[in-house]
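Visitor:
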Amino acid sequence: MSTSSSSSPSSSSSQVANEVKAQGYAAFDPTSSLKPFVFHRRSPEKTDVQIKILFCGICHSDVHWVKGDWGPQTYPVVPGHEIVGRVESVGPAVKKFKVGDLVGVGCLVDSCRECGSCREDEEQYCERGGTFTYGSPDPRGGITQGGYSSHIVVEERFVLRVPESISPASAAPLLCAGITTYSPLKHWKAGPGQHIAVAGLGGLGHMAVKIARAMGAHVTVLSTSLKKQKDAERLGAHEFIALSGANDFAKSAKKFDLIINTISASHSYDAYLSLLKKNGTMVLVGLPGPQPVQAFSLVGGRRRLAGSLIGGIRETQEMLDFCAQHKIAADIETVNPEQINSAYERLLKNDVHYRFVIDLQAEAGS
Ligand code: NAP
Ligand code: ZN
Ligand code: ZN
1142 MSTSSSSSPS SSSSQVANEV KAQGYAAFDP TSSLKPFVFH RRSPEKTDVQ IKILFCGICH
1202 SDVHWVKGDW GPQTYPVVPG HEIVGRVESV GPAVKKFKVG DLVGVGCLVD SCRECGSCRE
1262 DEEQYCERGG TFTYGSPDPR GGITQGGYSS HIVVEERFVL RVPESISPAS AAPLLCAGIT
1322 TYSPLKHWKA GPGQHIAVAG LGGLGHMAVK IARAMGAHVT VLSTSLKKQK DAERLGAHEF
1382 IALSGANDFA KSAKKFDLII NTISASHSYD AYLSLLKKNG TMVLVGLPGP QPVQAFSLVG
1442 GRRRLAGSLI GGIRETQEML DFCAQHKIAA DIETVNPEQI NSAYERLLKN DVHYRFVIDL
1502 QAEAGS
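For the sequence shown, counting from 1, position 13 maps to 1154 in my numbering; every step adds exactly one.
(1) Would DSSP call K1134 helix, strand or coil?
(2) Using 8 Å as the Cβ pair cut-off and three pairs as the minimum, do the region 1290-1305 and the region 1170-1187 touch?
(3) Suppose contacts are defined by Cβ-Cβ distances below 9 Å. Is G1245 in contact with A1312 by that definition?
(4) May I ask whether a heavy atom of ligand 2 can be found less than 8 Å away from the beta carbon of C1197?
(5) Per DSSP, P1278 forms a beta bridge with which residues?
(6) Once the 5 residues before and after V1339 are set aside, which same chain residues still bring their CB inside 6 Å of it?
(7) Which complete alpha helix (DSSP H) runs does the region 1368-1402 hold, if anything under 4 residues is left out?
(8) For the region 1270-1283 against the region 1321-1338, do three or more pairs of beta-carbon atoms, one drawn from each stretch, fall closer than 8 Å, so that the two count as touching?
(9) Assuming E1500 and A1310 form a contact by the criterion Cβ under 8 Å, report the distance between their Cβ atoms to the nearest whole angstrom.
(10) Give the secondary structure of N1420 by DSSP, where H, G and I count as helix, E and B as strand, and everything else as coil.
(11) Taking a contact to mean a Cβ-Cβ separation below 9 Å, would you say Y1275 touches W1206 in this structure?
(12) Any heavy atom of ligand 1 inside 8 Å of the beta-carbon of A1406?
(13) Please state the DSSP three-state secondary structure of K1176.
(14) Using the C-alpha atoms, what's the distance from Q1502 back to M1142?
(15) Cα-Cα, which of L1315, P1325, H1467 and G1334 is closest to I1473?
(16) Determine the DSSP secondary structure at N1491, reduced to helix, strand or coil.
(17) Quick check on Q1191: does DSSP put it in helix, strand or coil?
(18) Decide if E1479 is buried, meaning its Cβ has at least 16 other Cβ atoms within 10 Å, or exposed.
(19) Here's the rule: buried if 16 or more other CB atoms are within 10 angstroms of the residue's CB, otherwise exposed. What is E1456?
(20) Starting from H1292 and walking both ways along the alpha helix (DSSP H), at which residues does that stretch end?
(21) What's the gap between the Cα of S1152 and the Cα of S1173?
(22) Between G1288 and I1469, what straight-line distance do the alpha-carbon atoms span, to the nearest angstrom?
(23) Using the Cα positions of S1148 and E1268, report the straight-line distance between them to the nearest angstrom.
(24) Within the chosen definition, does the region 1196-1205 reach the region 1484-1501 through at least 3 CB pairs nearer than 8 Å?
(25) One question on the structure: do K1418 and D1389 come within less than 9 Å of each other, judged by their Cβ atoms?
(26) Can you list, in chain order, the residues of its chain whose CB lies under 6 Å from that of A1447, leaving out five sequence neighbours each side?
(27) Comparing alpha-carbon positions, which option in A1406, N1477 and L1414 lies nearest A1391?
(28) Assign R1254 to one of three DSSP states: helix, strand, or coil.
(29) Any idea if R1444 is buried or exposed, counting beta-carbon neighbours within 10 angstroms, 16 or more meaning buried?
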């Protein structure tokens, strides 16, 4: 993979002088395999950082997006929002980064910067709609393209500093799975004395276990089988519960203060709500699509059903520093770009321990 400033035509658009040629892996429709895709990144402007991507995690959201689970999308799309790389060049006004720095890019690459949420460093809730790393209308034209690619150009305000003490491949999933679980755990004050359940032990779930444990909470994993029990203990869970029928739910009724629900597929919210104590909260981070909820599941115990979307840039940096301080990183299986499609299949079969991370430099043999 290489950077080029040639003016040869690409498969995506005609090139402007000094644009960055990127080798990516794109979905062209909801059902076919992802395929190699050459496209161009803008040439770095004043406050832009040009990053050579080393690793990118595969989030279940990538699969939902590509397959159109959340509605029709624009193709071709290069997914990927768990990006770690090294700074290759910077615009003249960049202050925070220099060439060679280890950096990350998560789910957001822009926002309005003016609304109440942006002013509170919660760009993920930008009232005018933030610009997501892939598949979002790009204010500069076209749609944004993500991290299954050799390079990305991002304004410095949306670039994170990745602590060198975390291996770059294991740091990549922190940029989405890490912040998406850190943010609600912090918001709902996870800590000593709180009994927290993590529903679903996948990419997000395994990060939730590590982070909640490091925050001092009592942590229980709610899984669909006993297969991951040993792993859950190794990851730091105090308890493990396999939930496969009504009896299993009844045995653990009214047990938890907080449930971080990371489940990616249809399931009964009512059944999981029954596990909350009085005044307990279930936070949805998993995005399986519309599910019904019975009013009785909430009113009986003054329970709350809440949601949480990734985290803002300031909080993402805080999470990276927290992870470095507590020696936390993701448990990963590294794949090369040719294995992206088989990784998607395995993700859908729940065969991942606990995040696939693409080595974007593998193909170049470096
Ligand atoms: P993942 O690695 O595939 O993990 C999902 C887990 O859900 C599985 O490991 C499995 O855990 C559990 N599960 C799957 N099917 C289930 C079913 N039918 N019933 C009960 N449990 C089931 O996915 P991920 O990358 O962690 O993402 C999880 C979800 O979060 C996705 O929907 C994704 O789009 C969403 N997400 C949201 C945000 C946000 O900002 N809110 C950010 C990132 C991702 P067990 O094997 O333990 O049963
Ligand atoms: Zn994600
Ligand atoms: Zn805004």
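In this text, a Cβ means the ideal position worked out from N, Cα and C, and glycines have one as well.
Guide: According to the structure data:
(1) For residue 1134 there is no data in the structure shown, the boundaries of the chain being 1142 and 1507.
(2) The answer is yes - the region 1170-1187 touches the region 1290-1305, with three or more Cβ pairs under 8 Å.
(3) Here residue 1245 corresponds to residue number 104 of the sequence shown, with the count starting at 1. Here residue 1312 corresponds to residue number 171 of the sequence shown, with the count starting at 1. Judged by beta-carbon spacing, A1312 lies within the 9 Å limit of G1245, meaning their Cβ atoms are closer than that value.
(4) For the purposes of this step, residue 1197 is taken as the residue at position 56 of the sequence shown. C1197 has its Cβ no nearer than 8 Å to any heavy atom of ligand 2.
(5) Along the sequence shown, one-based indexing puts residue 1278 at 137. Answer by DSSP bridge pairing, in chain order: I1284.
(6) Stepping through the sequence shown from its first residue, residue 1339 is reached at position 198. Spatial neighbours of V1339 in its own chain (CB-CB distance under 6 Å, excluding positions within 5 residues in sequence) are listed in chain order as G1346, A1349, V1350, V1362 and I1401.
(7) Taking only runs of at least 4 residues, the alpha helix (DSSP H) segments lying wholly in the region 1368-1402 are 1370-1376 and 1387-1392.
(8) At 8 Å Cβ cutoff, the stretches do not touch.
(9) For the purposes of this step, residue 1500 is taken as the residue at position 359 of the sequence shown. For the purposes of this step, residue 1310 is taken as the residue at position 169 of the sequence shown. The residue you asked about is not Glu; residue 1500 is Asp in the sequence shown. With a Cβ gap of about 7 Å, D1500 and A1310 count as contacting.
(10) The residue labelled residue 1420 in the question sits at position 279 within the sequence shown. In the structure shown, N1420 sits in a strand (DSSP, three-state: E or B).
(11) As a working note, residue 1275 is residue 134 in the sequence shown. As a working note, residue 1206 is residue 65 in the sequence shown. When the beta-carbon positions are compared, Y1275 and W1206 come within less than 9 Å of each other.
(12) Here residue 1406 refers to the residue found at position 265 when the sequence shown is read from its first residue. Residue side-chain check: A1406 places its Cβ nearer than 8 Å to a non-hydrogen atom of ligand 1.
(13) Taking the first residue of the sequence shown as 1, we reach residue 1176 at position 35. Residue state, collapsed to three classes: strand.
(14) Position 1 of the sequence shown, counting from 1, holds the residue named residue 1142. Position 361 of the sequence shown, counting from 1, holds the residue named residue 1502. Unreliable placement is indicated for M1142, whose pLDDT of 36 sits below 50; the coordinate value is still reported in the next sentence. So the two alpha carbons sit approximately 7 Å from each other.
(15) One-based indexing of the sequence shown puts residue 1473 at position 332. Nearest C-alpha to I1473: L1315.
(16) To locate residue 1491, count along the sequence shown from 1; it is residue 350. N1491 falls in the coil class under three-state DSSP.
(17) Here residue 1191 refers to the residue found at position 50 when the sequence shown is read from its first residue. Note: Q1191 maps to strand in three-state DSSP.
(18) For the purposes of this step, residue 1479 is taken as the residue at position 338 of the sequence shown. Under this definition E1479 is an exposed residue.
(19) Reading the sequence shown from its first residue, position 315 is the one you call residue 1456. With 16 or more other Cβ atoms from the protein chains shown falling within 10 Å of its own Cβ, E1456 counts as buried.
(20) In the sequence shown, counting from the first residue as 1, residue 1292 sits at position 151. That residue, H1292, is in no alpha helix (DSSP H); its beta strand (DSSP E) goes H1292 to E1296.
(21) Sequence index remark: in the sequence shown, residue 1152 carries index 11 (1-based). Sequence index remark: in the sequence shown, residue 1173 carries index 32 (1-based). Reliability of the predicted coordinates at S1152 is poor, the pLDDT of 47 falling under 50, and the value obtained from them is presented with this limitation in mind. Cα-Cα distance, rounded: 18 Å.
(22) Position 147 of the sequence shown, counted from the first residue, corresponds to residue 1288. Position 328 of the sequence shown, counted from the first residue, corresponds to residue 1469. Rounded to whole angstroms, the gap between the alpha carbons of G1288 and I1469 is 22 Å.
(23) Locating residue 1148 in the sequence shown gives position 7, where the first residue counts as 1. Locating residue 1268 in the sequence shown gives position 127, where the first residue counts as 1. Only weak support exists for where S1148 lies, its pLDDT of 32 falling under 50; the coordinates are left without a value.
(24) These segments touch.
(25) Taking the sequence shown and counting its residues from 1, the one referred to as residue 1418 is at position 277. Taking the sequence shown and counting its residues from 1, the one referred to as residue 1389 is at position 248. Taking 9 Å as the Cβ cut-off, K1418 and D1389 do not qualify as a contacting pair.
(26) In the sequence shown, residue 1447 corresponds to position 306, counting from 1. Here the set comprises T1422 and V1424.
(27) For the purposes of this step, residue 1391 is taken as residue 250 along the sequence shown, with counting starting at 1. Cα-wise, what sits closest to A1391 is L1414.
(28) If you number the sequence shown from 1, residue 1254 lands on position 113. Of the three classes helix, strand and coil, the one that applies to R1254 here is coil, per DSSP.
(29) Within the sequence shown, residue 1444 is the residue found at index 303, counting from 1. Buried, by the Cβ-count rule.
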